[in-house]
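First comes the structure, then the notes that go with it.
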Amino acid sequence: MKTDNTQETDSIKEMETEILNNIQTCINCRMCVPMCPTYEGWITQSAFGRLAAINLHLKYGLGSIEELSRLIFSCANCRRCQERCKMLSTNVTPTDTIIKTRQLLARKAQEWGRN
Amino acid sequence: MSENKRLIADLISIVNKENLSADIYERIGYGQDGIQPDLEPEKIPAVVVKPTSVQEISEVVKYANREKIPIYIHGAGTAFKGSPRPKRPGSILLSTQGLTSIDMHEEDMYFEVGAGANQYELEKLLLSRGYMLPMNVGSKYSATIGGAVAINTIGHMVDICLGKLIDYVMGVEVVLPNGEIIETGTRSIRRSAGIDYTRFFAGMEGVFGVITKIRMRLLPNFKKAYVVGFFPELTDIAHAFMRLYKEKLPPPLYGELLDKKACVAPFRLRGLGEPKGNMGLAITIGHTQEDADQQADKIAKVFKAEKAVEARVVTSVREQEDYWAARDNILNILQTPEGEEKLLPMGALETSVPLSHLADVIEYFRTGHSYSILHEAKLFIYGHVGTCDLHGLWCTPASWPLEKRLRCRKEALLLENEVNLMWGCASGEVGQTAMRIPFLRQRWGEAAYSMLMDIKKVIDPNNILNPGNLEGEGYED
Ligand SMILES: Cc1cc2nc3c(=O)[nH]c(=O)nc-3n(C[C@H](O)[C@H](O)[C@H](O)COP(=O)(O)OP(=O)(O)OC[C@H]3O[C@@H](n4cnc5c(N)ncnc54)[C@H](O)[C@@H]3O)c2cc1C
Ligand code: SF4
Ligand code: SF4
């Protein structure tokens, strides 16, 4: 039987897998960049930039979790990228993926607090 | 001071601090190119710079040349044959997106545009003044005009209707690999005969210089008419376009084909219902509406004569937009219905073929070749049939093992080479570097390739601009 701790770890893993599976369908077309209301000329201020950062952070541990949090929480959650990706591209559901990553980071923070 | 810190300090003395980033996540976002697998961590560029003037670009390039630091030139990074992808560690990613000026010179029938201007924004401006942009790529909402000129693409348009992009480029401003700034071409609509330096840069994929400004001929917009046809067989559409040219009808601005399978998801998304067959589309142009309409009527007749179950001129603006959006946004085909497994676009092939072999090539994509993984994957065929440019996209379920998916990608590339070699052609979009270099060497031979590499050595002796691209680094056989 699993202990509480391994259940937590499992669900973190599952969340990560779900996020990475979604990002895997992103074809990096950047159609979601110019129309993002937080975009002021730098790629991380867009859905694509956020997804690219999450992807390599989760896969290779690149960058700090604080910096990743800053990117993820600076999304205004307006869903414009989501609509655009659906109409012009592959329907990665970028906003949902960003929100899921917020939940993941919160979960990880909780876990660290407990340990 | 670490090497990286010195690099950044040196670059800050050239470009404004706000126009440079050494942040890891910016470097990942800029370094990642279109469709490709993830950027390898060791290839992530050391720094991203976005100069706002040709002088700044010149200083950055001079510095990199002196210090022998690789530069990857970046429009929007959407090309998917590996050209904007950094291949060597410790590079400078040079974004042109700080160069966005547009100056209209209507009295002389040209405009000048910064290489980093967005294609869609440029097109909007031109349309508002009664002109058109003689190109249309599927990524126009994100891609730059400099990126398109660097690979000389007109995207979905028919080459023999209005010509290739280079036919509109009257001249360019370029920063050479040693940092010198030069201007090429002319301000007259009469183009230079013989030597025209423009050709060293337009279509050369950034290996000889950084294009900073482009002078392009203004093209007054045309009246348009739209035709749609649904056919029992995909090859019927090929025969329709073969017949159209045989009958010496004027080439349409667009001539597109989409197999029935590829219509399903984009149609569903736009409420177009079930496709009635494989779809053929054409847009005709004329100086008057009557002229465009007459040509459209003739194409609809040709469609019918080639077995279309339905062929008509589309007059409703909503319908025109929906059919064309279904074709333009082809990646919608990856949208599987709720509950079905996601598809990944693993093998993409793009090849241009002789007119008389259009139908043969479609059959070859489907059944003629002997690549086993491709036969297992789900194939969608679409393309710019009016300009003899066909695409095959082999998609695999996301659950396939990575190795098998990568094999699918490899096989599609091998098939692309095979088709182009069999019919003596070349791919007509997206550019040749870096993935297509093995093909380039086979197709035009080692003597031609050595000539190209020798020219590169003379122009860029330290190989700082897009190094690894002409070498096909990372895409060896
Ligand atoms: C969804 C989608 C659809 C697409 N549809 C098409 C299509 O229909 N037809 C087609 O041809 N392509 C297509 N592409 C590929 C690509 O988007 C286009 O070719 C586009 O025009 C490239 O522009 P970019 O600004 O992204 O260039 P980048 O990808 O940044 O650069 C392309 C190449 O040009 C070089 N380069 C860029 N700017 C300069 C410059 N100023 N000076 C010198 N070299 C430079 C780069 O180093 C690189 O080698 C598509 C891509 C996607 C993702
Ligand atoms: S539009 Fe969709 S597929 Fe394209 S970069 Fe954005 S999230 Fe990825
Ligand atoms: S949801 Fe977030 S990432 Fe998407 S467009 Fe809005 S602010 Fe940008």
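Taken in sequence, the protein lines are chains Y and D.
Sequential numbering from 0 applies to the first sequence in numbering that gives the first Met the number 0.
Sequential numbering from 0 applies to the second sequence in numbering that gives the first Met the number 0.
Just so it is clear, CB atoms sit at the ideal spot from N, CA and C, and this is done for glycine as well.
| query | result |
| --- | --- |
| Glycine 62 (chain Y) at chain D interface by Cβ criterion, 8 Å | yes |
| C-beta atoms of lysine 49 (chain D) and asparagine 18 (chain D) nearer than 8 Å | yes |
| 7 Å CB neighbourhood of isoleucine 27 (chain D) in its chain, flanking five on each side removed | Leu38 and Ile43 |
| Residues that threonine 43 (chain Y) contacts on chain D, provided the C-beta gap is smaller than 9 Å | Ser20, Asp22, Tyr24, Glu25, Ile27 and Gly28 |
| Secondary structure of glutamate 289 (chain D), DSSP reduced to three states | helix |
| Distance cut 5 Å, beta-carbon to ligand 3 heavy atom: residue list by chain order | Y:Cys35, Y:Thr37, Y:Ala46, Y:Cys74, Y:Ala75, Y:Cys77, Y:Arg79, Y:Cys80 and Y:Thr94 |
| Closer than 8 Å to chain Y by CB, alanine 75 (chain D) | yes |
| Classification of asparagine 76 (chain Y) by the beta-carbon crowding that lies within 10 angstroms, buried from 16 upward | exposed |
| Arginine 113 (chain Y) to arginine 106 (chain Y) span [Cα, whole Å] | 11 Å |
| Chain Y contact for serine 52 (chain D) (CB, 8 Å cutoff) | no |
| Cysteine 394 (chain D) beta carbon near ligand 2 (any heavy atom closer than 7 Å) | no |
| When Y:Glu13, Y:Tyr38 and Y:Arg49 are compared against cysteine 25 (chain Y), the one with the closest alpha-carbon | Y:Arg49 |
| Methionine 34 (chain Y) versus glutamate 82 (chain Y): straight-line alpha-carbon distance, rounded | 11 Å |
| 6 Å CB neighbourhood of serine 100 (chain D) in its chain, flanking five on each side removed | Gly113 |
| Inter-residue spacing [alpha-carbon to alpha-carbon] between leucine 70 (chain Y) and leucine 19 (chain Y) | 17 Å |
| Whole runs of the alpha helix (DSSP H) within the stretch 320-397 of chain D, excluding any shorter than 4 residues | 357-362 and 371-375 |
| Buried versus exposed call for histidine 374 (chain D) [16 or more other C-beta atoms within 10 Å across all chains shown] | exposed |
| Heavy atom of ligand 4 within 7 Å of alanine 142 (chain D) beta-carbon | Looking at this structure, you won't find ligand 4 anywhere; what it does contain is ligand 1, ligand 2 and ligand 3. |
| 8 Å Cβ cutoff, phenylalanine 72 (chain Y) in contact with chain C | The chain inventory of the structure shown lacks chain C, comprising the protein chains Y and D. |
| Below-8 Å beta-carbon distance, glutamine 334 (chain D) vs any chain Y residue | yes |
| For aspartate 235 (chain D), the three-state DSSP class (helix, strand or coil) | helix |
| Same chain only: Cβ atoms within 7 Å of lysine 306 (chain D), ignoring 5 sequence neighbours per side | Phe230, Pro231 and Asp235 |
| Check whether aspartate 292 (chain D) and alanine 224 (chain D) have beta carbons under 8 Å apart | yes |
| DSSP state of lysine 222 (chain D) mapped onto helix, strand, coil | strand |
| Residue environment, valine 171 (chain D), which counts as buried when at least 16 other CB atoms sit within 10 Å | buried |
| Test: proline 344 (chain D) CB closer than 8 Å to a CB of chain Y | yes |
| Ordered list of alpha helix (DSSP H) runs contained in the stretch 36-60 of chain Y, each at least 4 residues | 46-59 |
| Whole-angstrom distance between glutamine 334 (chain D) and asparagine 27 (chain Y), CA atom to CA atom | 16 Å |
| Unbroken alpha helix (DSSP H) run spanning leucine 440 (chain D), endpoints | It should be noted that the sequence gives arginine, not leucine, for residue 440 (chain D). Start and end: 436-458. |
| Buried versus exposed, by CB contacts within 10 Å (16 or more), tryptophan 443 (chain D) | exposed |
| Residue interval of the beta strand (DSSP E) (run including phenylalanine 110 (chain D)) | 109-113 |
| Cβ-heavy atom distance, leucine 333 (chain D) to ligand 1, below 7 Å | no |
| Chain D contact for lysine 99 (chain Y) (CB, 8 Å cutoff) | no |
| Contact the stretch 385-392 of chain D vs the stretch 354-370 of chain D: 3+ CB pairs below 8 Å | yes |
| Of the listed residues D:Ala45, D:Phe199, D:Pro36 and D:Gly385, nearest to lysine 80 (chain D) (C-alpha basis) | D:Pro36 |
| CB contact flag (threonine 152 (chain D), valine 136 (chain D), <8 Å) | yes |
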